[in-house]
Every structure is written in C-alpha cells, then in structure tokens.
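Participant: Protein chains in written order, with the UniProt record's numbering: chain A, 1 to 256; chain B, 1 to 218; chain C, 1 to 215.
I'd like to ask you about the structure that follows.
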Amino acid sequence: MQASSVEISKVNKFYGPFHALKDVDLSIPPGKVTCLIGPSGSGKSTLLRCINFLEEYDSGEVRIDGKLMGYDAPGRKMSGKKLRQMRRGVGMVFQQFNLWPHMTALQNVAEGLIRVRGLPKSEAEARATDALRKVGLADKTGNHPARLSGGQQQRVAIARAIAMEPQLMLFDEPTSALDPELVGEVLNVMKTLASEGMTMVVVTHEMGFAAHVADQVAFMEKGELVAVDSPQGIFHAPKDERIWNFLRTYRERNAF
Amino acid sequence: MDLVSQYGPALLRGFGITVICWILGTIFGMALGLVIALIQRYAPRPVRWLIQIYIEVIRGTPFLVQLFVLYYGGPLIGLRLDALPAGLLGLTIYGSPYFAEIFRSGFRAVAHGQIEAARAIGMTEPTIIRRILLPLGLVSALPALVNFSIILTKETVILSIITVPELMYQVSRMSAETFRYVEANLVLALFFWALVETISRLGRRLEARITQHLIERT
Amino acid sequence: MFSIPVFLESFQPLMWAAQYTLLISVLGILLGLVIGTLICAARLSGSRLLRGFGGLWVSFLRGVPLLVQLLVFYYALPVIGLDVAPTAAAVICVGVCASAYISEIWRGAIAALPRGQAEAARAIGMSPRDTWIRIILPQAFSMSLPALVNELILLVKASSLVSVVGILEITRASQAQAATTFRPLEVYIAAACIYLAINLCLAALGRYLEHRTAV
Numbered sequence: 001m002q003a004s005s006v007e008i009s010k011v012n013k014f015y016g017p018f019h020a021l022k023d024v025d026l027s028i029p030p031g032k033v034t035c036l037i038g039p040s041g042s043g044k045s046t047l048l049r050c051i052n053f054l055e056e057y058d059s060g061e062v063r064i065d066g067k068l069m070g071y072d073a074p075g076r077k078m079s080g081k082k083l084r085q086m087r088r089g090v091g092m093v094f095q096q097f098n099l100w101p102h103m104t105a106l107q108n109v110a111e112g113l114i115r116v117r118g119l120p121k122s123e124a125e126a127r128a129t130d131a132l133r134k135v136g137l138a139d140k141t142g143n144h145p146a147r148l149s150g151g152q153q154q155r156v157a158i159a160r161a162i163a164m165e166p167q168l169m170l171f172d173e174p175t176s177a178l179d180p181e182l183v184g185e186v187l188n189v190m191k192t193l194a195s196e197g198m199t200m201v202v203v204t205h206e207m208g209f210a211a212h213v214a215d216q217v218a219f220m221e222k223g224e225l226v227a228v229d230s231p232q233g234i235f236h237a238p239k240d241e242r243i244w245n246f247l248r249t250y251r252e253r254n255a256f
Numbered sequence: 001m002d003l004v005s006q007y008g009p010a011l012l013r014g015f016g017i018t019v020i021c022w023i024l025g026t027i028f029g030m031a032l033g034l035v036i037a038l039i040q041r042y043a044p045r046p047v048r049w050l051i052q053i054y055i056e057v058i059r060g061t062p063f064l065v066q067l068f069v070l071y072y073g074g075p076l077i078g079l080r081l082d083a084l085p086a087g088l089l090g091l092t093i094y095g096s097p098y099f100a101e102i103f104r105s106g107f108r109a110v111a112h113g114q115i116e117a118a119r120a121i122g123m124t125e126p127t128i129i130r131r132i133l134l135p136l137g138l139v140s141a142l143p144a145l146v147n148f149s150i151i152l153t154k155e156t157v158i159l160s161i162i163t164v165p166e167l168m169y170q171v172s173r174m175s176a177e178t179f180r181y182v183e184a185n186l187v188l189a190l191f192f193w194a195l196v197e198t199i200s201r202l203g204r205r206l207e208a209r210i211t212q213h214l215i216e217r218t
Numbered sequence: 001m002f003s004i005p006v007f008l009e010s011f012q013p014l015m016w017a018a019q020y021t022l023l024i025s026v027l028g029i030l031l032g033l034v035i036g037t038l039i040c041a042a043r044l045s046g047s048r049l050l051r052g053f054g055g056l057w058v059s060f061l062r063g064v065p066l067l068v069q070l071l072v073f074y075y076a077l078p079v080i081g082l083d084v085a086p087t088a089a090a091v092i093c094v095g096v097c098a099s100a101y102i103s104e105i106w107r108g109a110i111a112a113l114p115r116g117q118a119e120a121a122r123a124i125g126m127s128p129r130d131t132w133i134r135i136i137l138p139q140a141f142s143m144s145l146p147a148l149v150n151e152l153i154l155l156v157k158a159s160s161l162v163s164v165v166g167i168l169e170i171t172r173a174s175q176a177q178a179a180t181t182f183r184p185l186e187v188y189i190a191a192a193c194i195y196l197a198i199n200l201c202l203a204a205l206g207r208y209l210e211h212r213t214a215v
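Written out as structure tokens, the structure reads:
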C-alpha cells in the first residue's frame, strides 16, 4: 500500500471575525497514525477538514505528498476537477457516518467506485464486497443503513472510504455518535488499518485509542496547535499546563 | 379619475368587508379549531370519531361547494342566511379543521416531560391545560397559525361567488360595467400580493418577538 | 326534506363531470411539476437574476388568490391574441399556480437533507452533477412524495374554481343540475361526496407512500 504524507504549514481559518485556526503547523508522516485531541471547539475537526478541503483554509499551505491542496497558487482556488482528483486519494469517515440512506451497504460502497473511479458495476460490486468483508460485514451487504446498528453503519462508512484505495484516511470523531458498547468494533477496524501501514489522521475523544495506537498525538486548544509529541510524551509527561488541565478534566469525568 | 369617484366608495366598502371576513373568519375558525383540538385530546373515543369524520369531510371538499351547500342548500332545511353571515359561517367551518390540526401538533410539540413535571407537583388537569399546554402549544403553533390565516385572506375572494359584497365582488361588478376586465383583475392581484406579503412579514416579526425568550442562547 | 332519490340521481351527471375535475388536476400537477422543478433550479442556481425571478414567481403566485389569477389569465388571453381552449387555459393556470408550491416542496426537501450527505459524496471525489443525480435528488424526491400527493388533493379542490369561467367539471355540473332540479341541497351534497371520495383515495395513497419511504 502506498501511504501519503501531509505537511501543514501556517494554516489559518476564519469564520467571519472568529479565528478558528491560528498558524497551525503539523507534519504527518507516511504510514503512521496521528491523533488530534483537545477540548470541543478547539479546531481539531476544522483542521482535519482542511486536509481534504471540505473546509477552505484562508492562508498557509496543506500539502499532500508535496502537492498543494485546494489552491493552484496562494489565493487561486484549483478547479473542481483537479480538486476531485486529489480527493480520490484521501478517504474520510464522519462522526455522523453520512451513509446514503436510499442505498444498501453494498451500493454505498460501490457508488464511488462506479461514479468516480469509473469501474464497471460488476467489478465495483466485487471490490465493495471485499471492502465490506474487511470490516466484518460480509453478511450485511444487502441491508439499508436504517437496518444497521450505529457501529455497523460506521464500519460501512469505513469500507466506503477504503474501497477507493486511498493513501490517506481522515477520521472525524468516528466513535462519538456511537453507544459505548459499539465503540470497540469500530476502533478494532481502525487498528487493523493502522497495522497495515495506512496514513491515518484521527480526531478523537478516545484517549485509550490515542495512547495505544497513535504514533504521534497533537493537542489543540482555541485554534492553536499546542504540542505534538509521542503518546508517551503527551499523556505521561505533558509539557504544557493546558494539556495537563485537559487530561485532568478528562480523567475526572471518566472516573467512577 | 371618473372611475375613482364612481367606484371608489364601493371598492372601499368591499375592502372593509374583505378585512372583516378575514379577521372574523380567523377568530371564529381558530376558536372552533381550538375546541376541536381539545375535544380530540380529552373526549371519549366515539366523540373523537365523530369529530374525525367532520374533519375529513371539511378537508376533503372544496370551500366553494361547502358554500353552495350552506347558502343555496340551507334554506331547504330551514337555514336561511344572508350572503355575508353565510360566508362568515362558511369560513369558520372551512378553517376549523385546519386550525384544529395546527393546535393539535402544537400541543404535541409540548414535551411530555413538561406535562409530567406539572403533574408531579400536583397541578390539576385544567390548570395544566391553562398554564402549561396552551401557552407552550400556542407558541409552537404560531408560525402555522399565521400561515393559515394568510391562506384564509386569499379564500375570502371565493365569497364573491355567493354574492358577499367583498372586494372581489365589487371589482367584478366594476369590470363588468367598464369592460376593463384585465386591468381590474390585475390590480386586484397586485393588491392581494402586497397584502399577503405585508401580513406574512408582520407575522414573522410577531413570531420573533414572542419566541425570543424561548430560544436557547448558545 | 332531504330527498334521497334526488340525491342519488344527481350522481350520474356529476360522476361524468368528475373526469374533467381529474383531468384538470392531474394535468395541472404534471405541468406544475415541470415548471416547479425549473423554478426550484432557478432559486438554487448561482445566478442572482434567476434567483430573483424564481423568488418573485413563487411569492406572486402564492400571494394572489387562485380565483383572481384565473380571471386575469382568462381575460388576458384574448387581449394578447391567444386563442386557447378554455379547458387548456384552466390546466395552464392551475399548473402555473401549483408550480410555486411544488418548487417550495422541492426546496424544503433539499434543504432538509443533512449537509453530510453531499459532503460524503464530495469527500470521495464525486462530481457535483453525480452528487445531485445520485445522492440529493433521489432522496429529496422520495421525501417529497407525500407532500406532492397532498398538493394534488389541493388541486382537486382548487379545480372547483374553474367553474367560474364556465368550464365543465363537478362544481359546474352541479350548478346546472341544481338549476334544473331546484334541489341544490341534495345536488351539492352529492358533489361534496364525489370530491370527498376522490380525496380520501388520494390521502390513502399519500399515507401509503409515506410509510413506504419511511425506511
């Protein structure tokens, strides 16, 4: 599997007067898992969505394998066609799954292969079946999303992304909308992906996942990237008081 | 200029009657609708069925045919009404099931928990209706109420067909005498357009005013 | 008092006229669908001019009573030199009026789709055209079906107004019948029954579609 790297430098994003991302620099090495953590509203999801340009950053650069994302030159947006070309290599998994409810699990996964990759229907369906098998849902191909549990829906969404054979996967709080008992099955699929050497960027509140699976952890607060370090460094020897406070609140909330 | 002095007073009178029909039709229709909605919520099942049949019949038939039954058919069973009262009664009956439905979904929008909270502190059922269900239900029904009362404005022109001397009736008489059919009706159209736009704008302002303290600030 | 035989006898001419009520309503809604879709597209387009035009179209047709629209249209046709059959004129008028409401039904359904639906399509690199055709429109359409059936019910009732310009349908036929029998009560109640029967069938269809689409 080819794995992409991402270079984010001096990225800024404004919503009107609100400064959502402040000069963010982050280097995402190929084949590694990077977790973005921090309080809600800190800009983690916004940063993630800038990587595939669902969110348009205002200044700075996001480069995937050296290629500038979203712009041809500073201030000049790239054409829709070129943007779609670049997005093909980037898979994304959403908090709310965003499966298409009028299609079966198989159709959800095959749709992109047919419409975007231009594969014939039979081949697309064969590959979609493979992808669904990989996330453990070979027996659910004919189900509509409404007939699947939250965890199953999210696994279909992951299958939809990996079927496109991306070199980079973005996860936007993939387990936040799930009941606690369904979180594990999704995290397991993600762990498998990580072990195969996929470049992954994961916005998450699952500190356990970040601690055990991530190669590096980035902590954000109020639009700023406060620190990037190994999980060991972030969770056991935080160098910044803000990280320490965040982790203390997290532990208190989860203590019983 | 001649036209204005000749038809001005009649048009003005017609406009007055249109406004009266609209306001009274809305008030009476709303009152009847509220009664129906409360009956549907609290009355025993057979009564609710009868009410349901009434609702289906009124909603399933054209307003014009309802007016014909009332105005031309009424005398055969001893219901002799002049055009205007017949028209008002017709508007009231026609609007009532729609208003009832609006109230009903307004009531449904009142969270069950809020009713339970009232019961839990020992409020009686009538007090719950008066203090919790009605105020909250009315607020959530408000946009739909304004909307339907605007629809009623437009329905008043149908009263001209049973010779209620409202605005459209006067315009038709005027255009029949002057042969200015197109101009007269076009002006009437523009007039209604302006009227409806104005009312809906006022309605939106009213909604914003009334609901502002209920909207959660983030 | 209420004469049952007169009541029953009224049905025959009225049933015959009912086909025109159905014809006008069904053709009206088909025309309304075509124009309404175009108007909705105009309102969602990037062009300011088109959006403004669509907005005016909807606001005017929803602000003016159908009866007034009908008379303007009916009297204006000969003035601008168009010779259209009265029934065709009625269909056009009803369809144009319906287009404003149908455009709003579309717009509401499209707006009700979660943003993530289109986002997921963009994220895998789907083109805007495919996103509309494969993701947004199919969902918007099945969401709108019950509302469209409801619009058809409204048209069946609204079509009673074309009796005013002399077009034969249930209401016009019942006026004629009432004039010959001098029994308006029975005749108009019979007319009401036919409208009710049509609309109850349509309402049942609407409920069926609603259950079917609620996955």
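C-beta atoms are modelled at their ideal positions from N, C-alpha and C, and glycine is treated no differently.
Keep in mind it's a predicted model, so treat the numbers as computed, not measured.
1) Starting from the beta carbon of C/N199, find every residue of chain B whose beta carbon is closer than 7 angstroms, and list them in chain order.
2) Which same chain residues, not among the five before or five after C/L22, have their C-beta less than 6 angstroms away from its C-beta?
3) Taking the alpha carbon of A/Y250 as the point to measure from, which residue in A/L187, A/G38 and A/K22 has its own alpha carbon closest?
4) For C/A41, tell me which candidate among C/I167, C/L209, C/A203 and C/E104 has the shortest Cα-Cα distance.
5) Alpha carbon to alpha carbon, how far is C/S127 from C/R115?
6) Between B/T218 and A/F53, what straight-line distance do the alpha-carbon atoms span, to the nearest angstrom?
7) Using the Cα positions of A/Q153 and A/L99, report the straight-line distance between them to the nearest angstrom.
8) For A/K32 and C/A112, what's the separation of their Cα atoms in angstroms?
9) With a cut-off of 8 angstroms, does the C-beta of C/Q177 fall near any C-beta of chain B?
10) At a CB-CB cut-off below 9 angstroms, which residues of chain B make contact with C/A191?
11) Is A/I234 helix, strand or coil when you go by DSSP?
12) At a Cβ threshold of 8 angstroms, is C/L38 touching chain B?
13) Is any beta-carbon of chain A found at less than 8 angstroms from that of C/R212?
14) For C/V215 and chain A, any beta-carbon pair shorter than 8 angstroms?
15) Under 8 angstroms between C-beta atoms, does C/I135 make it to chain D?
16) Just to confirm, is the Cβ distance from B/I36 to B/I51 under 8 angstroms?
17) Nearest by alpha-carbon distance to C/T37: which of C/I153, C/I194, C/L71 and C/V96 is it?
18) Identify whether A/A227 lies in helix, strand or coil by the three-state DSSP scheme.
19) Given that a residue counts as buried once 16 or more other Cβ atoms are within 10 Å of its Cβ, and exposed if not, what is C/I167?
20) Kindly list the residues whose CB is nearer than 6 angstroms to the CB of C/Q177, restricted to its own chain and excluding five residues on each side of it in sequence; keep chain order.
21) If I'm right that C/L155 touches C/I4 with Cβ under 8 angstroms, what's the distance once you round it to whole angstroms?
22) Specify whether the region 215–223 of chain A and the region 167–177 of chain A touch according to this definition: at least 3 beta carbon pairs, one from each stretch, less than 8 angstroms apart.
23) Under three-state DSSP, which class holds A/T34?
24) Using a Cβ cut-off of 8 angstroms (strictly closer), state whether A/F94 contacts chain C.
25) Which first and last residues belong to the alpha helix (DSSP H) in which A/A177 is found?
26) Let me know the secondary structure DSSP gives A/L26 once reduced to three states.
27) At 7 angstroms on the CB atoms, spell out the chain C contacts of B/V110, in chain order.
28) Taking only beta-carbon positions, decide if B/A189 is within less than 8 angstroms of chain C.
29) Count the other CB atoms within 10 Å of the CB of residue 257 of chain A; is the residue buried (16 or more) or exposed (fewer)?
30) Is there a Cβ from chain C that is less than 8 angstroms from the Cβ of A/G118?
31) Applying a beta-carbon distance threshold of less than 9 angstroms, which residues of chain C neighbour B/E56?
32) Tell me which same chain residues have a C-beta within less than 7 angstroms of the C-beta of B/L138, skipping the five on either side of it?
33) Output yes if chain A places a C-beta closer than 8 angstroms to the C-beta of C/E119; else output no.
34) For the region 60–71 of chain C, which residues have a CB atom closer than 7 angstroms to at least one CB atom of chain B, in sequence order?
35) So the beta strand (DSSP E) C/S45 belongs to, where does it begin and stop?
36) Taking the beta carbon of C/S47 as the centre, do at least 16 other beta carbons fall within 10 Å, making it buried, or is it exposed?
Facilitator: Inspection of the coordinates gives the following:
1) Walking along the third sequence from the start, residue 199 of chain C turns up at place 199. Going along chain B in sequence order, the residues near C/N199 (Cβ under 7 angstroms) are G60.
2) Along the third sequence, one-based indexing puts residue 22 of chain C at 22. Cβ within range, chain order: n/a, list empty.
3) The residue given as residue 250 of chain A occupies position 250 in the first sequence. A/Y250 has its Cα closest to that of A/G38, out of A/L187, A/G38 and A/K22.
4) By 1-based counting over the third sequence, the position of residue 41 of chain C is 41. Closest option to C/A41, Cα to Cα, is C/E104.
5) The residue given as residue 127 of chain C occupies position 127 in the third sequence. The residue given as residue 115 of chain C occupies position 115 in the third sequence. Cα-Cα distance, rounded: 16 angstroms.
6) On the second sequence, position 218 is the one that residue 218 of chain B refers to. On the first sequence, position 53 is the one that residue 53 of chain A refers to. The predicted model places B/T218 with a pLDDT of 42, which falls under 50 and marks its position as unreliable; any figure quoted below should be read in that light. The straight-line gap from Cα to Cα measures roughly 27 angstroms.
7) Taking the first residue of the first sequence as position 1, residue 153 of chain A is located at position 153. Taking the first residue of the first sequence as position 1, residue 99 of chain A is located at position 99. Whole-angstrom Cα-Cα distance: 7 angstroms.
8) Walking along the first sequence from the start, residue 32 of chain A turns up at place 32. Walking along the third sequence from the start, residue 112 of chain C turns up at place 112. Using only the alpha carbons, I get a separation of about 38 angstroms.
9) Taking the first residue of the third sequence as position 1, residue 177 of chain C is located at position 177. Answer no: the Cβ-Cβ gap between C/Q177 and chain B never drops below 8 angstroms.
10) On the third sequence, residue 191 of chain C is found 191 positions in, with the first residue counted as 1. Chain B residues near C/A191: T61, P62, V65, F68 and V69.
11) For the purposes of this step, residue 234 of chain A is taken as the residue at position 234 of the first sequence. If DSSP states are grouped into helix, strand and coil, A/I234 belongs with the helices.
12) As a position in the third sequence, residue 38 of chain C is number 38, starting the count at 1. No - not a single Cβ of chain B is within 8 angstroms of the one on C/L38.
13) Stepping through the third sequence from its first residue, residue 212 of chain C is reached at position 212. Cβ-Cβ to chain A under 8 angstroms: no for C/R212.
14) In the third sequence, residue 215 of chain C corresponds to position 215, counting from 1. Because C/V215 carries a pLDDT of 48, less than 50, the predicted location of this residue cannot be relied on, and the following value inherits that uncertainty. By this cut-off, C/V215 is an interface position.
15) Checking the listed chains, one finds no chain D in this structure; the protein chains it contains are A, B and C.
16) For the purposes of this step, residue 36 of chain B is taken as residue 36 along the second sequence, with counting starting at 1. For the purposes of this step, residue 51 of chain B is taken as residue 51 along the second sequence, with counting starting at 1. Against a cut-off of 8 angstroms, the Cβ pair of B/I51 and B/I36 comes out as a contact.
17) Taking the third sequence and counting its residues from 1, the one referred to as residue 37 of chain C is at position 37. Checked all of C/I153, C/I194, C/L71 and C/V96; the closest Cα to C/T37 is C/V96.
18) Taking the first residue of the first sequence as position 1, residue 227 of chain A is located at position 227. It is a strand residue.
19) Numbered from its first residue, the third sequence carries residue 167 of chain C at position 167. Under this definition C/I167 is a buried residue.
20) Position 177 of the third sequence, counting from 1, holds the residue named residue 177 of chain C. The answer, listed in chain order, is S10, P13 and V187.
21) Locating residue 155 of chain C in the third sequence gives position 155, where the first residue counts as 1. Locating residue 4 of chain C in the third sequence gives position 4, where the first residue counts as 1. Contact flag wrong, Cβ pair sits at about 31 angstroms.
22) no
23) Counting from 1 along the first sequence, the entry for residue 34 of chain A is found at position 34. Strand at A/T34.
24) Your numbering for residue 94 of chain A matches position 94 in the first sequence. Yes, A/F94 counts as interfacial toward chain C.
25) Reading the first sequence from its first residue, position 177 is the one you call residue 177 of chain A. Element bounds for A/A177: n/a, residue is neither H nor E.
26) By 1-based counting over the first sequence, the position of residue 26 of chain A is 26. Note: A/L26 maps to strand in three-state DSSP.
27) For the purposes of this step, residue 110 of chain B is taken as residue 110 along the second sequence, with counting starting at 1. Ordered by position in chain C, no residue passes the 7 angstroms Cβ test against B/V110, which lies about 23 angstroms from the chain.
28) Within the second sequence, residue 189 of chain B is the residue found at index 189, counting from 1. Yes, B/A189 counts as interfacial toward chain C.
29) In the structure displayed, chain A extends from 1 to 256; residue 257 of chain A sits before or after that span and is not available.
30) Residue numbering aside, residue 118 of chain A sits at position 118 when the first sequence is read from its first letter. Chain C, which has no Cβ nearer than 8 angstroms to the Cβ of A/G118, makes this no.
31) Within the second sequence, the letter at position 56 stands for residue 56 of chain B. Ordered by position in chain C, the residues that pass the 9 angstroms Cβ test against B/E56 are L196, N199, L200 and A203.
32) Position 138 of the second sequence, counting from 1, holds the residue named residue 138 of chain B. Closer than 7 angstroms at Cβ, skipping near neighbours: G106.
33) For this step, residue 119 of chain C is matched to residue 119 along the third sequence. With 8 angstroms as the cut-off, C/E119 counts as an interface residue toward chain A.
34) F60, G63, V64, P65, L67, V68, Q69 and L71
35) Residue mapping note: residue 45 of chain C aligns to position 45 of the third sequence, counting from 1. Taken as a continuous stretch (DSSP letters only), C/S45 belongs to no beta strand (DSSP E), as it is neither H nor E.
36) Residue numbering aside, residue 47 of chain C sits at position 47 when the third sequence is read from its first letter. So C/S47 counts as exposed.
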